[in-house]
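Chemist:
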Amino acid sequence: MSVRLMSLASGSSGNCYFVGTSDYGILIDAGIGPRTIKKKLKEIGVDISRVLAVFVTHDHYDHVKSATILGEVYHLPIYSTEKVHFGIAFNKKVTEKLSPANKRIIENGQSVMIKDIKVTSFPLPHDATDNTGYMIEVEGQTITLATDLGAPTDDLRKYISQSDYLVLEANYDTNMLKNGKYPAVLKMRVSGANGHLSNADAATLLSEQATDKLKQVCLCHLSKENNLPQLAVEAVTSKIKTNTKVVALPRNESYLIEI
């Protein structure tokens, strides 16, 4: 079976990723509508019934919009930390509440098996109730996702060095943020240690941790106001020392890697 990594959406308007095989898989985040998720999965021949679980990184609405609906309507187990589940329950924008039957706890540092897919969580700094990255092992491939983080961590560095594929935040260009229209307090939040990762920080991280094992980096969660895809890609390719392919994920369109 081939391995599939698909970005259904990436950005502040919504985030959702599919990781699995040609037969089944899991979702990382569900920040877009359930109908859109079903439609985009159908485009690659995956029915929603072949999604076995949803893993949530954190409780911001652009990552959890449909998480509870997928739990309650489609009876999918929703995995995250206890703190993130608490945050989802009290997120005023999330109207559907998740019942205990569909709630699953995976604390940072733990691993679970979903059929033949091993999912390992690890903490990342971000201004949410809690925040998680995931390393996924399936069919001999290692895929790491770190979608929102203010700064790299030792765990992330370790998992990047082990990865075949990586989804990594490159949220903003430093000059665009500095000279942009955001108020000063928001600029400080975005660039802070619990905010988002810049193009330059992503580039430095990859220059230090990328190995020849890393086949492709997908730069994600690019800011609509403070970044451009070409700036993000150029920042990373100018520093990365391997032959790794670097792409910027589109905000609203799908992007599929078949391995």
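Throughout the sequence shown, residue numbering follows the working numbering, covering 1 to 259 in sequence. Just so you know, even glycine gets a beta-carbon here, dropped at the ideal spot from N, CA and C.
(1) Pull up the distance between the alpha-carbon of Thr242 and that of Gln209, whole angstroms please.
(2) With 16 other CB atoms within 10 Å as the buried threshold, where does Leu147 fall?
(3) Alpha carbons only, please: which of Val64, Asp155, Tyr159, Asn131 is nearest the one belonging to Thr144?
(4) With DSSP as the reference, identify every bridge partner of Arg4, one or two as the case may be.
(5) Which one of Gln141, Arg157, Ser22, Leu98 has the shortest CA to CA distance from Phe122?
(6) Confirm, please, whether the CB-CB distance from Lys245 to Lys215 is below 9 Å.
(7) Counting only runs of 4+ residues fully inside the segment 34 to 58, write out the alpha helix (DSSP H) ranges in chain order.
(8) Does the count of Cβ pairs from the segment 165 to 182 and the segment 29 to 44 closer than 8 Å reach three?
(9) Once you ignore the five residues that flank Gly133 on each side, which residues in its own chain have a CB closer than 8 Å to its CB?
(10) Going by DSSP, what residue range makes up the alpha helix (DSSP H) through Pro229?
(11) So what does Ile106 bridge to, in DSSP terms?
(12) May I have a chain-ordered list of the alpha helix (DSSP H) segments no shorter than 4 residues that lie completely inside the segment 137 to 168?
(13) Please report the residue range of the alpha helix (DSSP H) in which Leu205 lies.
(14) For the beta strand (DSSP E) containing Lys245, list its first residue and its last residue.
(15) Since Tyr172 sits in a beta bridge, which residues does DSSP pair it with?
(16) With burial defined as no fewer than 16 other Cβ atoms inside 10 Å of the residue's Cβ, what is the status of Val236: buried or exposed?
(17) Is Ile69 helix, strand or coil when you go by DSSP?
(18) Could you check where the beta strand (DSSP E) with Leu27 kicks off and where it finishes?
(19) For Val64 and Ser207, I'd like the C-alpha separation in whole angstroms.
(20) In the DSSP output, what is Ser121 paired with across the bridge?
(21) State the CB to CB distance for the pair Ser12 and Asp59, rounded to an integer number of angstroms; the pair is presumed to be in contact (CB under 8 Å).
(22) If the criterion is Cβ atoms closer than 9 Å, does the pair Tyr203 and Ser238 meet it?
(23) Whose CA, out of Cys220, Asn252, Asp127, lies closest to the CA of Gly192?
(24) Could you give the DSSP three-state label for Leu214: helix, strand or coil?
Modeler: So, from the data block:
(1) Here residue 242 corresponds to residue number 242 of the sequence shown, with the count starting at 1. Here residue 209 corresponds to residue number 209 of the sequence shown, with the count starting at 1. One C-alpha to the other measures close to 10 Å.
(2) Counting from 1 along the sequence shown, the entry for residue 147 is found at position 147. Residue identity differs from the one stated: residue 147 is Thr in this sequence, not Leu. Classification of Thr147: buried, given that the 10 Å Cβ count is 16 or more.
(3) As a first step, residue 144 must be located in the sequence shown, where it is residue number 144. Of Val64, Asp155, Tyr159, Asn131, the residue nearest in Cα terms is Tyr159.
(4) Residue mapping note: residue 4 aligns to position 4 of the sequence shown, counting from 1. Looking at the DSSP assignment, Arg4 forms a beta bridge with Gly20, Glu258.
(5) The residue given as residue 122 occupies position 122 in the sequence shown. The shortest C-alpha separation from Phe122 is found at Arg157.
(6) Within the sequence shown, numbered from 1, the residue matching residue 215 stands at position 215. Within the sequence shown, numbered from 1, the residue matching residue 245 stands at position 245. In this structure, Lys245 lies closer than 9 Å to Lys215 by Cβ.
(7) Secondary structure in the segment 34 to 58: the alpha helix (DSSP H) runs of 4 residues or longer, each lying completely within the stretch, are 34 to 42 in chain order.
(8) By the Cβ criterion, the segment 165 to 182 is not in contact with the segment 29 to 44, since fewer than three pairs of Cβ atoms, one from each stretch, lie closer than 8 Å.
(9) If you number the sequence shown from 1, residue 133 lands on position 133. Correct list, in chain order: Thr57, Ser121, Phe122, Pro123, Leu124, Thr144, Leu145, Ala146, Thr147, Leu149, Asp155, Leu156, Tyr159.
(10) Stepping through the sequence shown from its first residue, residue 229 is reached at position 229. Counting along the chain, the alpha helix (DSSP H) containing Pro229 begins and ends at 229 to 237.
(11) In the sequence shown, residue 106 corresponds to position 106, counting from 1. The secondary-structure analysis by DSSP pairs Ile106 with nothing; it has no beta-bridge partner.
(12) Restricting attention to alpha helix (DSSP H) runs no shorter than 4 residues, the segment 137 to 168 encloses them at 154 to 162, ordered along the chain.
(13) Translated into the one-based positions of the sequence shown, residue 205 becomes position 205. First-last of the alpha helix (DSSP H) with Leu205: 199 to 209.
(14) For the purposes of this step, residue 245 is taken as the residue at position 245 of the sequence shown. Segment 245 to 248, the beta strand (DSSP E) holding Lys245.
(15) Here residue 172 refers to the residue found at position 172 of the sequence shown. According to DSSP, Tyr172 bridges with Ser198.
(16) To locate residue 236, count along the sequence shown from 1; it is residue 236. Val236 is classed as buried because its beta carbon has at least 16 other beta carbons within 10 Å across all chains shown.
(17) By one-based count along the sequence shown, residue 69 stands at place 69. Here DSSP, grouped into helix, strand and coil, assigns Ile69 to helix.
(18) In the sequence shown, the residue the question calls residue 27 occupies position 27. Per DSSP, the unbroken beta strand (DSSP E) holding Leu27 starts and ends at 25 to 28.
(19) In the sequence shown, residue 64 corresponds to position 64, counting from 1. In the sequence shown, residue 207 corresponds to position 207, counting from 1. If I take the Cα positions, the gap works out to 32 Å.
(20) Numbered from its first residue, the sequence shown carries residue 121 at position 121. The partner list for Ser121 (beta bridge, DSSP) reads Tyr134.
(21) In the sequence shown, residue 12 corresponds to position 12, counting from 1. In the sequence shown, residue 59 corresponds to position 59, counting from 1. Contact between Ser12 and Asp59 is absent: CB atoms are separated by about 15 Å, not below the 8 Å threshold.
(22) Taking the first residue of the sequence shown as 1, we reach residue 203 at position 203. Taking the first residue of the sequence shown as 1, we reach residue 238 at position 238. A small correction: the amino acid at residue 203 is Ala; Tyr does not occupy that position in the sequence shown. Their beta carbons are under 9 Å apart, which means Ala203 touches Ser238 by this criterion.
(23) Position 192 of the sequence shown holds residue 192. Ranking Cys220, Asn252, Asp127 by Cα distance to Gly192 puts Asp127 first.
(24) As a first step, residue 214 must be located in the sequence shown, where it is residue number 214. Coil at Leu214, not helix or strand.
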